Amino acid sequence: MIVNQFLVLAALLFSIGIYGVLVRRNAVLVLLSIELMLTAVNINLVAFGQYLQDALVSGQVFALFVITIAAAEVGIGLAIVILIFRNRASANVDELDLLKW
Amino acid sequence: MQFTDWIVDARNIVFLVIALAMIGAAVMVVTSRNVIHAALMLVVALAGSAALFLMLGAEFVAWTMILVYIGAVIVLFLFGIMITRAPTKADPVRLDHKRRWPAIFVALGTFATMATVTTMAFEDAPLPEGVSRAADIGQVLFERFVIPFEVVSFVLLAALIGGIVLARKDPE
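Residue numbers (my numbering), protein chains in the order written: chain E, 1 to 101; chain W, 1001 to 1172.
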């Protein structure tokens, strides 16, 4: 196994996530695409951790931190989406134009 | 390294199968016209990444991934989909923007840039063997990284309170 195969796969997943964030209208689907991007970052972190063989397993520890923050982000994000849906009866990101003239 | 030299290793075949499944599932996540299918395809992509973590010798991260993501986060997403009453049947008009080409352009540009840079930087650098046990991670987490660990737990507490405050109905 070479390290680059994991990096290229992570780059591909990250790009697919970017496409999803840009093209989706439903806020829940945008959050799903963000999860894809975070997963790509985790793969990068663990692959680099294995490549560098450091004594403090930093790559894996930071992947754990990213997983935790992602869980918190999903909780808050979905709470915000539910709140917006309650006020506007829609969860489409392009209809949230309250701050636009 | 030639592809024929690369593919003879059995682990690389396993990697290729997992990678293709992950890419297919990820593409389904961003293109599916059914919201529930998109969330369930994310399960496949995340399970694939857990399998990659196992291949990289990161057991604890792999099982945490399965517990936290597939066990909790996906359930939260399904809750969110049902509460916001997103169209659960196929609905081609409402889920995507009409202008897809700029997004495809940006995504391809990002992939080309990152893949080129990593290929130039690492070329055929081999990946060392080795499995890190959960005990090692626990040791490091509670000695060297104990303050970031506590900060992360505080962030989780803040997110918990924030989620409750945001999502509850006004008392009056």
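Here a beta-carbon is modelled for each residue, glycine too, at the ideal position from N, C-alpha and C.
In this text the structure is predicted, and so the values were computed from the model without any measurement.
Measuring only the C-alpha atoms, how far is residue i from residue j?
| i | j | result |
| --- | --- | --- |
| alanine 70 of chain E | aspartate 1005 of chain W | 38 Å |
| glutamate 1123 of chain W | alanine 1019 of chain W | 19 Å |
| proline 1148 of chain W | alanine 72 of chain E | 15 Å |
| valine 28 of chain E | alanine 1125 of chain W | 39 Å |
| methionine 1120 of chain W | threonine 1113 of chain W | 11 Å |
| lysine 1169 of chain W | serine 90 of chain E | 17 Å |
| valine 41 of chain E | histidine 1037 of chain W | 23 Å |
| glutamate 1129 of chain W | glutamine 50 of chain E | 8 Å |
| valine 1165 of chain W | valine 74 of chain E | 15 Å |
| isoleucine 1137 of chain W | aspartate 1009 of chain W | 29 Å |
| arginine 1100 of chain W | valine 1030 of chain W | 12 Å |
| leucine 38 of chain E | leucine 1076 of chain W | 17 Å |
Restricting to Cα atoms, I'd like to know which of the options is closest to residue i.
| i | options | result |
| --- | --- | --- |
| leucine 32 of chain E | E/Val61, E/Leu9, E/Gly20 | E/Gly20 |
| isoleucine 1081 of chain W | W/Ala1039, W/Met1065, W/Ala1121 | W/Ala1039 |
| alanine 47 of chain E | W/Val1014, W/Ala1047, W/Phe1145, W/Val1061 | W/Val1061 |
| serine 15 of chain E | W/Trp1063, W/Ala1158, W/Phe1105 | W/Phe1105 |
| serine 1153 of chain W | E/Leu38, E/Thr68, E/Gln5, E/Glu95 | E/Thr68 |
Check whether the Cβ atoms of residue i and residue j lie closer than 9 Å to each other.
| i | j | result |
| --- | --- | --- |
| leucine 7 of chain E | asparagine 44 of chain E | yes |
| leucine 59 of chain E | isoleucine 34 of chain E | Here residue 59 of chain E turns out to be glycine, not leucine, going by the sequence shown. No. Outside cutoff. |
| leucine 56 of chain E | phenylalanine 1145 of chain W | yes |
| arginine 25 of chain E | asparagine 92 of chain E | yes |
| leucine 1078 of chain W | leucine 1127 of chain W | no |
| methionine 1022 of chain W | leucine 13 of chain E | yes |
| alanine 1167 of chain W | isoleucine 84 of chain E | no |
| valine 66 of chain E | leucine 1141 of chain W | no |
| isoleucine 1074 of chain W | alanine 1050 of chain W | no |
For the putative contact between residue i and residue j, defined by C-beta atoms under 8 Å, what is the C-beta separation to the nearest angstrom?
| i | j | result |
| --- | --- | --- |
| methionine 107 of chain E | arginine 1133 of chain W | Since the first residue shown for chain E is 1 and the last is 101, residue 107 of chain E is missing from the structure and cannot be characterised. |
| leucine 1046 of chain W | tyrosine 1069 of chain W | 5 Å |
Report task. Run through the region 1018-1100 of chain W for me and flag every whole alpha helix (DSSP H) of 4 or more residues, listed as ranges in chain order. Result -> Listed in chain order, the complete alpha helix (DSSP H) runs (minimum 4 residues) inside the region 1018-1100 of chain W are 1035-1055, 1059-1065, 1074-1083.
**Report entry** Ranges of the alpha helix (DSSP H) found wholly within the region 21-51 of chain E, counting only runs of at least 4
**Finding:** With a minimum length of 4 residues, no continuous alpha helix (DSSP H) run stays inside the region 21-51 of chain E.
Query - Those runs of the beta strand (DSSP E) which lie wholly inside the region 66-94 of chain E and span at least 3 residues - result: None, since the region 66-94 of chain E contains no complete beta strand (DSSP E) of that length.
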